[in-house]
Amino acid sequence: MSEESLIIGGGDKPAGGEELIKETNEAQFVADVLEASQRRPVLVDFWAEWCGPCRQLTPMLEKLVREKAGKIALIKVNVDRNPRIAAQLRIQSIPTVFAFYKGQPVDAFMGAVPESELRRFIDNLLAVAEGGPPPALKALLEEAGRALDENRLIEAADLYTQALQSDRESLEARGGLAMAWLKLGKREEARGLLADLPEDAEKDARIRQAKAYLKLADELGEAGDPQALAEHVAAHPDDLKARLDLARALMAKGDAERAAEELLAILARDRDFADGQARQLLLKIIEAAGESSPFGLRTRRRLSSLLFS
Numbered sequence: 009m010s011e012e013s014l015i016i017g018g019g020d021k022p023a024g025g026e027e028l029i030k031e032t033n034e035a036q037f038v039a040d041v042l043e044a045s046q047r048r049p050v051l052v053d054f055w056a057e058w059c060g061p062c063r064q065l066t067p068m069l070e071k072l073v074r075e076k077a078g079k080i081a082l083i084k085v086n087v088d089r090n091p092r093i094a095a096q097l098r099i100q101s102i103p104t105v106f107a108f109y110k111g112q113p114v115d116a117f118m119g120a121v122p123e124s125e126l127r128r129f130i131d132n133l134l135a136v137a138e139g140g141p142p143p144a145l146k147a148l149l150e151e152a153g154r155a156l157d158e159n160r161l162i163e164a165a166d167l168y169t170q171a172l173q174s175d176r177e178s179l180e181a182r183g184g185l186a187m188a189w190l191k192l193g194k195r196e197e198a199r200g201l202l203a204d205l206p207e208d209a210e211k212d213a214r215i216r217q218a219k220a221y222l223k224l225a226d227e228l229g230e231a232g233d234p235q236a237l238a239e240h241v242a243a244h245p246d247d248l249k250a251r252l253d254l255a256r257a258l259m260a261k262g263d264a265e266r267a268a269e270e271l272l273a274i275l276a277r278d279r280d281f282a283d284g285q286a287r288q289l290l291l292k293i294i295e296a297a298g299e300s301s302p303f304g305l306r307t308r309r310r311l312s313s314l315l316f317s
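9 is the number of the first residue of the sequence shown in the working numbering; add one for each residue after it.
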């Protein structure tokens, strides 16, 4: 919705500084809402004198806006006195509250909601304005990240999918889901998620992790049948060449945990096997899985204890 599509009047901004809680009208709507929302989020409370629920909601709005100490503004619109504004925003019942930011309506709700729900609405709006995910999305991403780091891959994929449904632009959700799919052996699905990323995507740790993981899996290519190799290694545990092939095949399928176990087993027997290929592959796996991830830290410690014992 552009500024031109809303009512444009000739009123000036209030003199002597900007009021954060006030009434507006058709003449002042652009200045009080659209222009003001370039500086901070603006809540627009549509109400009427005869509306009982409005008398419950408006004091809560005023209280919470004051609590935010200048981070958000509240503009009140009497729909009986300003019917054109209500008509253009298709207000069907009151109270209705619109949230504006950067000149655009970004969220809304109807009815006298509880204070706890109103507080969440405002917190989400402020989080978006500050460039971060809304609190509910942030909590979902944190839960998904824990599931991924703890190798609960189906759960992680489900949680990251929910996060993407909430915010299609979330790089963390996209990278996390790609990592979950890579670890589940769904390399092509992950590749699709990592295609056509924005230029600044590399700033996200999950995106960097997933791209490194995919690159390593691609380098290993079709490294053999993990099941057949595992059966051979079980029958011939000292065949380190077969064990190295098994580690490559497992990593090519996305199973870093089992690949690392096989490589550590090789290094426990021969630290320099195959001119250090086992050690080099393990270091690449740690880097791809994330140096600071629980898996990365744990595996690095085990590698160090083998090399320096």
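Ideal placement from N, C-alpha and C gives every residue a C-beta, glycine not left out. Bear in mind that the values here come from a model prediction, so they are computed numbers and not experimental data.
ask   = For aspartate 253, which residues of its own chain have a beta-carbon under 6 Å away from its beta-carbon, when the five flanking residues on both sides are left out?
value = Sequence index remark: in the sequence shown, residue 253 carries index 245 (1-based). Around aspartate 253: Gly232, Leu237.
key: Endpoints, the alpha helix (DSSP H) within which alanine 107 is located   = Residue 107 sits at position 99 when you count from the first residue of the sequence shown. Careful: alanine 107 lies outside any alpha helix (DSSP H), inside the beta strand (DSSP E) at 104-109.
query = Does the pairing of the segment 49-56 with the segment 102-118 give three or more beta-carbon distances under 8 Å?
reply = yes
inquiry  = On the DSSP bridge list, what partners appear for tryptophan 189?
reply    = Against the sequence shown, residue 189 aligns to sequence position 181. Paired residues: none, contrary to the question.
task = Spatial neighbours of glutamate 11 within its chain, please: CB distance less than 7 Å, with the 5 preceding and 5 following residues excluded, ordered by chain position.
result = Against the sequence shown, residue 11 aligns to sequence position 3. At glutamate 11, the pLDDT of 43 sits below 50, so the modelled position is not reliable; the number obtained from the coordinates is stated separately. Hits under 7 Å: Val38, Leu42, Gly111.
ask   = Distance, Cα to Cα, arginine 74 vs threonine 307?
value = Position 66 of the sequence shown, counting from 1, holds the residue named residue 74. Position 299 of the sequence shown, counting from 1, holds the residue named residue 307. Each residue's Cα considered, the two are about 51 Å apart.
message = If you reduce the DSSP assignment to three classes, tell me which class isoleucine 16 lands in.
response = Stepping through the sequence shown from its first residue, residue 16 is reached at position 8. In this prediction, isoleucine 16 scores a pLDDT of 37, lower than 50, which makes its location untrustworthy; no coordinate-derived value is stated.
request  = Decide if glycine 298 is buried, meaning its Cβ has at least 16 other Cβ atoms within 10 Å, or exposed.
outcome  = Within the sequence shown, the letter at position 290 stands for residue 298. Glycine 298 is classed as buried because its beta carbon has at least 16 other beta carbons within 10 Å across all chains shown.
inquiry  = For a minimum of 3 consecutive residues, which ranges assigned as the beta strand (DSSP E) are wholly contained in the segment 228-304?
reply    = none
ask   = Nearest CA to the CA of alanine 181: which residue from Ala94, Arg216, Ala120, Ala77?
value = Indexing the sequence shown from 1 puts residue 181 at position 173. When each option's Cα is compared against that of alanine 181, the closest is Arg216.
Inter-residue CB distance, lysine 191 and leucine 161 (contact presumed, cutoff 8 Å) = In the sequence shown, residue 191 corresponds to position 183, counting from 1. In the sequence shown, residue 161 corresponds to position 153, counting from 1. Correct: roughly 5 Å between the Cβ atoms.
key: Same chain only: Cβ atoms within 7 Å of phenylalanine 117, ignoring 5 sequence neighbours per side   = Here the question's residue 117 lines up with position 109 in the sequence shown. Around phenylalanine 117: Val105, Phe129.
task = Would you grab the beta carbon distance between leucine 126 and aspartate 115 for me? Rounded to a whole angstrom, and I think it's under 8 Å.
result = For the purposes of this step, residue 126 is taken as residue 118 along the sequence shown, with counting starting at 1. For the purposes of this step, residue 115 is taken as residue 107 along the sequence shown, with counting starting at 1. The pair is not a contact, with the Cβ atoms about 12 Å apart (cut-off 8 Å).
request  = Return no unless some Cβ of chain D is closer than 8 Å to the Cβ of glutamate 27.
outcome  = Going by chain labels, chain D is absent from the structure shown, which holds only one protein chain.
message = My output table needs one value for leucine 100: the three-state DSSP class, helix, strand or coil.
response = Taking the sequence shown and counting its residues from 1, the one referred to as residue 100 is at position 92. According to the sequence provided, residue 100 is glutamine. The question's leucine does not apply to it. Looking at glutamine 100 - three-state DSSP - the assignment turns out to be coil, as it is neither helix nor strand.
message = Counting beta carbon pairs with one atom in the segment 239-253 and one in the segment 205-214, are three or more of them shorter than 8 Å?
response = no
query = What are the complete alpha helix (DSSP H) segments, minimum 4 residues, inside the segment 20-95?
reply = 60-75
task = Could you tell me which residues DSSP pairs with alanine 116 in its beta bridges?
result = The residue given as residue 116 occupies position 108 in the sequence shown. Per DSSP, Phe106.
message = Restricting to Cα atoms, I'd like to know which of Leu289, Pro143, Ala276, Ala198 is closest to threonine 169.
response = As a working note, residue 169 is residue 161 in the sequence shown. Ranking the options by Cα distance to threonine 169, first place goes to Ala198.
inquiry  = Are there any heavy atoms of the ligand HEM lying less than 7 Å away from the beta-carbon of leucine 222, as far as the coordinates show?
reply    = Looking at this structure, you won't find the ligand HEM or any other ligand, since it has none at all.
query = Are leucine 329 and isoleucine 294 close, meaning C-beta to C-beta below 8 Å?
reply = A query on residue 329 cannot be resolved here, the shown segment of the chain reaching from 9 to 317 and no further.
query = Quick one: Cα of leucine 289 to Cα of tyrosine 221, how far?
reply = To locate residue 289, count along the sequence shown from 1; it is residue 281. To locate residue 221, count along the sequence shown from 1; it is residue 213. C-alpha separation (whole angstroms): 12 Å.
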